[in-house]
Amino acid sequence: MKIEKISDGLDWLHARLPRAARWTFRAAAVLLAIGMIHIAAAALIDGYTARVLEQYARAEAERSILALPLGHILGSVGVIMLWLWVPMILTRLLLGLRARLWRRAGQ
1 MKIEKISDGL DWLHARLPRA ARWTFRAAAV LLAIGMIHIA AAALIDGYTA
51 RVLEQYARAE AERSILALPL GHILGSVGVI MLWLWVPMIL TRLLLGLRAR
101 LWRRAGQ
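Residues 1 to 107 (the working numbering) make up the sequence shown, in order.
Written out as structure tokens, the structure reads:
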């Protein structure tokens with residue numbers, strides 16, 4: 001009974017992981033793109049560079065991460081989401097390997 005519940009839970013996870021992994025990767029890609037645009041704009045546009053430096057100074061003075069430039073915050077969230085995406089894919093690969101080994105053991 002307990003093994004059936006575990007197996008059902010793993011089947012549910014295996015069936016839904018691809019959708020979650022695709023969503024996470026897309027969201028991470030969009031957020032990383034915003035972060036890269038922010039970095040490029042800060043490097044190339046003098047007015048934007050001055051504004052970004054003011055925001056960094058304000059964030060340091062207030063000791064608040066929320067005072068950082070929005071592009072910086074979104075880019076950082078994108079990196080974190082990408083780090084979450086990698087274990088999702090690894091989990092999917094391990095579950096696929098487990099299923100393949102169980103099929104071979106059953107033959």
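Note that the Cβ used here is the ideal one computed from N, Cα and C, for glycine as well.
Quantities reported herein were computed from a predicted structural model and do not represent experimental measurements.
Could you say which of Leu53, Leu90, Arg26, Leu101 lies nearest to His38 if we only look at CA atoms? As a working mapping, residue 38 is identified with position 38 in the sequence shown. In this structure, Leu53 is the residue among Leu53, Leu90, Arg26, Leu101 with its C-alpha nearest to the C-alpha of His38.
Please report the distance separating the alpha-carbon of Arg104 from that of Leu97. The residue you call residue 104 lines up with position 104 of the sequence shown. The residue you call residue 97 lines up with position 97 of the sequence shown. In a straight line, the C-alpha of Arg104 is about 11 angstroms away from that of Leu97.
Could you tell me if the beta carbon of Leu44 falls within a distance shorter than 7 angstroms of some heavy atom in the ligand ZN? This structure does not include the ligand ZN; it has no bound ligands of any sort.
Give the straight-line distance between the Cα atoms of Arg16 and Arg100, rounded to the nearest whole angstrom. For the purposes of this step, residue 16 is taken as residue 16 along the sequence shown, with counting starting at 1. For the purposes of this step, residue 100 is taken as residue 100 along the sequence shown, with counting starting at 1. In a straight line, the C-alpha of Arg16 is about 18 angstroms away from that of Arg100.
Give the DSSP-derived three-state secondary structure of Leu68 in the structure shown. Start at 1 with the first residue of the sequence shown, and residue 68 comes out as number 68. It is coil, neither helix nor strand.
What number of angstroms, rounded off, separates the C-alpha of Ser64 from the C-alpha of Ala57? The residue you call residue 64 lines up with position 64 of the sequence shown. The residue you call residue 57 lines up with position 57 of the sequence shown. Distance between the alpha carbons of Ser64 and Ala57 is about 11 angstroms.
According to the neighbour-count rule (16 or more other Cβ atoms, all chains shown, within 10 Å of its Cβ), is Trp83 buried or exposed? As a working mapping, residue 83 is identified with position 83 in the sequence shown. Exposed, by the Cβ-count rule.
Straight-line Cα distance separating Leu70 from Leu32: As a first step, residue 32 must be located in the sequence shown, where it is residue number 32. As a first step, residue 70 must be located in the sequence shown, where it is residue number 70. Distance between Leu32 and Leu70, taken at the CA atoms: about 12 angstroms.
Return the CA-CA distance between Phe25 and Asp11, expressed in angstroms with no decimal places. Residue 25 sits at position 25 when you count from the first residue of the sequence shown. Residue 11 sits at position 11 when you count from the first residue of the sequence shown. A direct Cα-to-Cα measurement between Phe25 and Asp11 gives close to 22 angstroms.
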